[in-house]
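Colleague: Handing you this structure, nothing more for now.
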Amino acid sequence: MTMRLNELLKGGRGRVIGHADESVLSQRLLEMGFIYGTKVEVLHEGPFGKDPMAVRVRGSVVAIRRDEAKMIEIEIEGKSNR
Amino acid sequence: MSEDSFLVIALAGNPNCGKTALFNSLTGSHQKVANYPGITVERKSGRLTTPRGHEVQVVDLPGMISLDARSPDEEVSKEALFGTMNGEPQPDLVVAVADATNLERGLALVLELKSLKTPIVLALNMMDLAEKRGLLLNLDVLSQELGVEVLPTVATRQGGNAGLIAAIDHFVELPPDRRGSKSPVEWKVWTADQVQDRFRRVDEILRLATTKPLTPATWTERLDRVLLHPVAGLAILASTMLMIFQAVFQWAAPLQDGIESGIARLSQFFLTVLPAGALRDLLLEGVLAGVGGVLVFLPQILILFAFVLLLEDVGYMARAVFLLDRLMGSVGLHGRSFVPLLSSFACAIPGVMATRTIENKRDRILTILVAPLMTCSARIPVYVMLIAAFIPSERVVGPFSVQGLVLFGLYLMGIVFAFFFATLFKRTVLRGPNPALILEMPTYKWPHLKNLRQGLVQRTVIFLKRAGTLILSLSLLLWFLSSYPKVESNQVSEPPIYYSYAGQLGRFLAPALAPLGFDWRISVALVPGFAAREVMVSGLATVFSVEASDEAAQSTSLGSKLASSWSLATALSLLLWYVFAPQCLSTFAVIRRETGSWKWTAFSFGYLLVTAYLVSFLGYRLFVSLGWGA
Numbered sequence: 005m006t007m008r009l010n011e012l013l014k015g016g017r018g019r020v021i022g023h024a025d026e027s028v029l030s031q032r033l034l035e036m037g038f039i040y041g042t043k044v045e046v047l048h049e050g051p052f053g054k055d056p057m058a059v060r061v062r063g064s065v066v067a068i069r070r071d072e073a074k075m076i077e078i079e080i081e082g083k084s085n086r
Numbered sequence: 244m245s246e247d248s249f250l251v252i253a254l255a256g257n258p259n260c261g262k263t264a265l266f267n268s269l270t271g272s273h274q275k276v277a278n279y280p281g282i283t284v285e286r287k288s289g290r291l292t293t294p295r296g297h298e299v300q301v302v303d304l305p306g307m308i309s310l311d312a313r314s315p316d317e318e319v320s321k322e323a324l325f326g327t328m329n330g331e332p333q334p335d336l337v338v339a340v341a342d343a344t345n346l347e348r349g350l351a352l353v354l355e356l357k358s359l360k361t362p363i364v365l366a367l368n369m370m371d372l373a374e375k376r377g378l379l380l381n382l383d384v385l386s387q388e389l390g391v392e393v394l395p396t397v398a399t400r401q402g403g404n405a406g407l408i409a410a411i412d413h414f415v416e417l418p419p420d421r422r423g424s425k426s427p428v429e430w431k432v433w434t435a436d437q438v439q440d441r442f443r444r445v446d447e448i449l450r451l452a453t454t455k456p457l458t459p460a461t462w463t464e465r466l467d468r469v470l471l472h473p474v475a476g477l478a479i480l481a482s483t484m485l486m487i488f489q490a491v492f493q494w495a496a497p498l499q500d501g502i503e504s505g506i507a508r509l510s511q512f513f514l515t516v517l518p519a520g521a522l523r524d525l526l527l528e529g530v531l532a533g534v535g536g537v538l539v540f541l542p543q544i545l546i547l548f549a550f551v552l553l554l555e556d557v558g559y560m561a562r563a564v565f566l567l568d569r570l571m572g573s574v575g576l577h578g579r580s581f582v583p584l585l586s587s588f589a590c591a592i593p594g595v596m597a598t599r600t601i602e603n604k605r606d607r608i609l610t611i612l613v614a615p616l617m618t619c620s621a622r623i624p625v626y627v628m629l630i631a632a633f634i635p636s637e638r639v640v641g642p643f644s645v646q647g648l649v650l651f652g653l654y655l656m657g658i659v660f661a662f663f664f665a666t667l668f669k670r671t672v673l674r675g676p677n678p679a680l681i682l683e684m685p686t687y688k689w690p691h692l693k694n695l696r697q698g699l700v701q702r703t704v705i706f707l708k709r710a711g712t713l714i715l716s717l718s719l720l721l722w723f724l725s726s727y728p729k730v731e732s733n734q735v736s737e738p739p740i741y742y743s744y745a746g747q748l749g750r751f752l753a754p755a756l757a758p759l760g761f762d763w764r765i766s767v768a769l770v771p772g773f774a775a776r777e778v779m780v781s782g783l784a785t786v787f788s789v790e791a792s793d794e795a796a797q798s799t800s801l802g803s804k805l806a807s808s809w810s811l812a813t814a815l816s817l818l819l820w821y822v823f824a825p826q827c828l829s830t831f832a833v834i835r836r837e838t839g840s841w842k843w844t845a846f847s848f849g850y851l852l853v854t855a856y857l858v859s860f861l862g863y864r865l866f867v868s869l870g871w872g873a
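Quick mapping for you: the protein sequence lines, in order, are chains A and B. One rule links them: number in my numbering = place in the first sequence (from 1) + 4. One rule links them: number in my numbering = place in the second sequence (from 1) + 243.
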């Protein structure tokens, strides 16, 4: 099943399959390690409106807003999004 | 000086890779912090004398994710590396610094830096932490695959950079023609595919070079479960902020008293040894009072800096930004506005200076605009004196007194209006898309004392150099305005300040301020208050001819004098004025310097002045209608 990273809740996992466009933001997200094939996992959510989200990506943890996470298309494997 | 003393070595790496700790340990106390010309990005350089006696210049470039610059900081790093910055020599050797516990992004940057063609070595920093987490790397394979020399370093340990320094020695001793090229290369924006390929290559290199992989950062994960918890995390953040507040005000108090009594003793000394006259006045009331005015805030600012540095060093600051980003975002501010605004409760000047960490220019200006609304400690003497004189000290609810509630209300008012104006400006003069928050949350680390101390010394020196000189010269100017021209006190009926330039200015402004309930005395006292807000208290004392041996006595006797000559409405109106009024010229001098724009400086001064006037005016009308005008 494919969705966007911003739709994942705490504990949700997936794999990056693409970016929505080729903007400056997309480029910076690539440089932060959100490249295609990378596994991501939502570790924490902000206290207000579950925003921003702390995402484990390539051995480090990166905080991004849900608004930016919309850029990242992911694939959910099995039922890992409890 | 031999020729090799001119070799320039640049440290480049991701944020949080321990680059600054490495820089500190390489250069020790031989550091110089300045601005890059024309912009407010700090340029840190230092001298390193190697064990073999070679002297090199080390430059600590701002942290960067990629050469594809997205912030003023990254732009500087890029330009410095390409040698395209005016007056900035292109480095002879680039030391790429990578955090050994977070290699992927670090190595991706190394591959990128290789495209520069400048000679490059890789410092694998925080190697001790990586080893503790079980990482086993085959450095030969790593070096071979990357095509650069790899040197493990532990910046925070004595001798932890021996390998790197030896490599620098080796590089310096090479004949100049074998040191590699510095030929300029052209920069081309990477394509998305190139970025992805770089990461794939890093994956491949790490697969080949890793003997045993890193275990997860268990402690960081455990701590984050509490520190980033929606309820517990916020509670801990709030208590941390409260603790910092408490420390800034309580721990600093004895130090401030010490500085004040020291200044008093010194001026007593000059009073006895110097003959009366203009020179003594200048020295005592001008210079010494001005220096005292700078020094007296130093303890608070030092304590504040120490906490900010500590929280940054252990990795907590990124968490605070994470917790507050949405809240700050709802009024148009950025998560990173948090530290500057917190600092502004001690003094707006370090607060404005701290906005340098905000990447987006609009966000930075927005934070600078509202920072003066945070109640700085220079307002406290004014608040305390007026509240003690005019507000009854009875208790209303439980432990709360009316006086305490008024003080709290003044603080709250500043915050509420800061949020209001942030929202307003974000929708009008500073309209624009919200810039992205993409922030790495580093693993927690023990603070490193030597590093903290160095950071503290550095920031203090910067504060004294950039702000101290400004505050001092403005104090001198305002002292001159309030002391000249001189009159013979036995020939005139009013206190001497009445006849001074400041007095003339104040009396000229008095009709404009009369609708706020201010008489000419207040108008006159407000003028020297532009040097620093708390000077208003001694300004009033001069106007009311209050003589007292020390500050506390002055405040009390002045208070009783005011209580008998002002109405409650006037006192409250003056308190409201002080919440908003741009009564501190040094702040605006710093705003001018940090924004590089007269337009924004004038705007911030103007909107605060208009707000102060309107709120005081409306407040005064309201208080008079409540019957407090007599």
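The beta carbon of each residue, even a glycine, is placed where N, CA and C say it ideally should be.
Between the segment 24-50 of chain A and chain B, which residues of the former have CB atoms less than 9 Å from a CB of the latter, in chain order?
Modeller: From the segment 24-50 of chain A, only Glu26, Val28, Leu29, Ser30, Gln31, Arg32, Leu33, Leu34, Glu35, Met36, Gly37, Ile39, Tyr40, Gly41, Thr42, Leu47, His48, Glu49 and Gly50 have a Cβ closer than 9 Å to chain B.
Colleague: Keeping to the same chain, check which residues put their C-beta closer than 6 Å to that of B/Glu246; ignore five residues upstream and five downstream.
Modeller: Only weak support exists for where B/Glu246 lies, its pLDDT of 42 falling under 50; the value from the coordinates is given anyway. Cβ neighbours of B/Glu246 beyond the five flanking positions: none.
Colleague: Using a Cβ-Cβ cutoff of 7 Å, what residues of the segment 417-444 of chain B are near chain C? List them in chain order.
Modeller: Structure shown: chain C not included; protein chains present are A and B.
Colleague: Does the structure place the segment 657-664 of chain B close enough to the segment 601-621 of chain B that three or more beta carbon pairs sit under 8 Å?
Modeller: Yes, the segment 601-621 of chain B touches the segment 657-664 of chain B.
Colleague: For A/Ser84 and A/Arg60, what's the separation of their Cα atoms in angstroms?
Modeller: Bear in mind that the predicted position of A/Ser84 carries a pLDDT of just 45, short of 50, making it too unreliable to give a figure here.
Colleague: Have a look at B/Gly872 and B/Ala814 and give me their C-alpha separation to the nearest angstrom.
Modeller: Each residue's alpha carbon lies about 10 Å from the other.
Colleague: Using a Cβ cut-off of 7 Å, which residues of the segment 48-70 of chain A contact any Cβ in chain B, in chain order?
Modeller: Answer set for the segment 48-70 of chain A: His48, Gly50, Pro51, Phe52, Gly53, Asp55, Pro56, Ala58, Arg62, Gly63, Ser64, Val65, Val66, Ala67, Ile68 and Arg69.
Colleague: Whole-angstrom Cβ separation of B/Thr362 and B/Gly406, contact assumed at under 8 Å?
Modeller: A small correction: the amino acid at residue 362 of chain B is Pro; Thr does not occupy that position in the sequence shown. Not a contact, Cβ separation roughly 17 Å.
Colleague: Okay, do the segment 34-46 of chain A and the segment 549-566 of chain B touch, 3+ Cβ pairs below 8 Å being the bar?
Modeller: Short answer: they don't touch.
Colleague: List the endpoints of the continuous beta strand (DSSP E) containing A/Glu49.
Modeller: Counting along the chain, the beta strand (DSSP E) containing A/Glu49 begins and ends at Lys43 to Phe52.
Colleague: Note down the Cα distance separating A/Glu138 from A/Leu9, rounded to an integer number of angstroms.
Modeller: Residue 138 of chain A cannot be examined here, being either before or after the span of chain A that is shown, 5 to 86.
Colleague: Please return the same chain residues whose Cβ sits closer than 6 Å to the Cβ of B/Thr463, not counting the five positions on each side in sequence.
Modeller: Cβ within range, chain order: Thr686 and Tyr687.
Colleague: Just to confirm before moving on: does the CB-CB distance between B/Val833 and B/Ala710 stay below 8 Å?
Modeller: Yes; because the gap between Cβ atoms is below 8 Å, this pair is in contact.
Colleague: Does B/Pro542 pass the burial test, meaning 16 or more other C-beta atoms within 10 Å, or should it be called exposed?
Modeller: It counts as buried.
Colleague: Between the segment 731-751 of chain B and the segment 624-632 of chain B, are three or more C-beta pairs nearer than 8 Å?
Modeller: Result no; under three Cβ-Cβ pairs closer than 8 Å.
Colleague: What is the rounded straight-line gap between the Cα of A/Gly16 and the Cα of A/Met7?
Modeller: In a straight line, the C-alpha of A/Gly16 is about 12 Å away from that of A/Met7.
Colleague: Are the C-beta of A/Glu11 and some C-beta of chain B separated by less than 8 Å?
Modeller: With 8 Å as the cut-off, A/Glu11 does not count as an interface residue toward chain B.
Colleague: The beta strand (DSSP E) with B/Val391 in it runs from where to where?
Modeller: Element bounds for B/Val391: n/a, residue is neither H nor E.
Colleague: Nearest chain B C-beta to A/Glu72 closer than 8 Å, yes or no?
Modeller: Chain B contact via Cβ: present.
Colleague: Taking Cβ positions, are A/Glu77 and A/His23 nearer each other than 8 Å?
Modeller: In contact: A/Glu77 and A/His23 (Cβ atoms closer than 8 Å).
Colleague: If distances are taken between C-alpha atoms only, which option among B/Ala351, B/Arg400 and B/Asp311 comes closest to B/Gly261?
Modeller: Nearest C-alpha to B/Gly261: B/Arg400.
Colleague: Rounded to whole angstroms, what is the Cα-Cα separation between B/Leu682 and B/Ala490?
Modeller: Roughly 29 Å separates the two Cα atoms.
Colleague: Using DSSP's beta-bridge definition, name the partner residues of A/Ala67.
Modeller: A/Ala58 and B/Leu682, per the DSSP bridge assignment.
Colleague: Out of B/Arg286, B/Pro518, B/Leu707 and B/Phe643, point me to the one whose CA is closest to B/Val319's CA.
Modeller: With distances taken between Cα atoms, B/Val319 lies closest to B/Arg286.
Colleague: Provide the residue span of the alpha helix (DSSP H) that contains B/Lys203, from first to last.
Modeller: Outside the displayed range of chain B (244 to 873) lies residue 203 of chain B, so it cannot be described from this structure.
Colleague: Name the chain A residues that come within less than 8 Å of B/Phe565, Cβ to Cβ?
Modeller: Ordered by position in chain A, the residues that pass the 8 Å Cβ test against B/Phe565 are His48, Gly50, Pro56, Ala58 and Ala67.
Colleague: Could you tell me if B/Asn404 is buried or exposed, where buried requires 16 or more neighbouring beta carbons within 10 angstroms of its beta carbon?
Modeller: With 16 or more Cβ atoms within 10 Å of its Cβ, B/Asn404 is classed as buried.
Colleague: Among the residues of its own chain, which have a CB less than 7 Å from the CB of B/Leu852, if the five just before and after it don't count?
Modeller: If we look at B/Leu852 and ignore the five residues flanking it on each side, its Cβ neighbours are Ala824 and Pro825.
Colleague: Mind checking if B/Met369 is an interface residue toward chain A, Cβ cutoff 8 Å exclusive?
Modeller: Chain A contact via Cβ: absent.
Colleague: Touching or not, the segment 333-340 of chain B and the segment 351-369 of chain B, by the rule of three or more beta carbon pairs under 8 Å?
Modeller: Taking 8 Å as the limit for Cβ pairs, the verdict is that the segment 351-369 of chain B does touch the segment 333-340 of chain B.
Colleague: For B/Trp433, collect the residues of the same chain with a Cβ closer than 7 Å to its Cβ; drop the 5 residues on either side in sequence, then sort them by chain order.
Modeller: The answer, listed in chain order, is Asp311.
Colleague: Under the assumption that B/Arg441 contacts B/Leu354 (Cβ atoms under 8 Å), give the Cβ distance between them as a whole number of angstroms.
Modeller: With a Cβ gap of about 5 Å, B/Arg441 and B/Leu354 count as contacting.
Colleague: Beta carbon of B/Ala806, beta carbon of B/Phe633: below 8 Å?
Modeller: Cβ distance < 8 Å, so B/Ala806 and B/Phe633 count as in contact.
Colleague: Going by CA-CA distance only, name the one from B/Thr838, B/Leu817 and B/Ser586 that's closest to B/Val858.
Modeller: When only C-alpha atoms are compared, the closest one is B/Leu817.
Colleague: From the beta carbon of B/Arg674, is the nearest beta carbon of chain A less than 8 Å away?
Modeller: Not closer than 8 Å to any Cβ of chain A, the Cβ of B/Arg674 fails to qualify, so no.
Colleague: For chain A, find out if any of its Cβ atoms is closer than 8 Å to the Cβ of B/Met684; answer yes or no.
Modeller: Answer yes: the Cβ-Cβ gap between B/Met684 and chain A drops below 8 Å somewhere.
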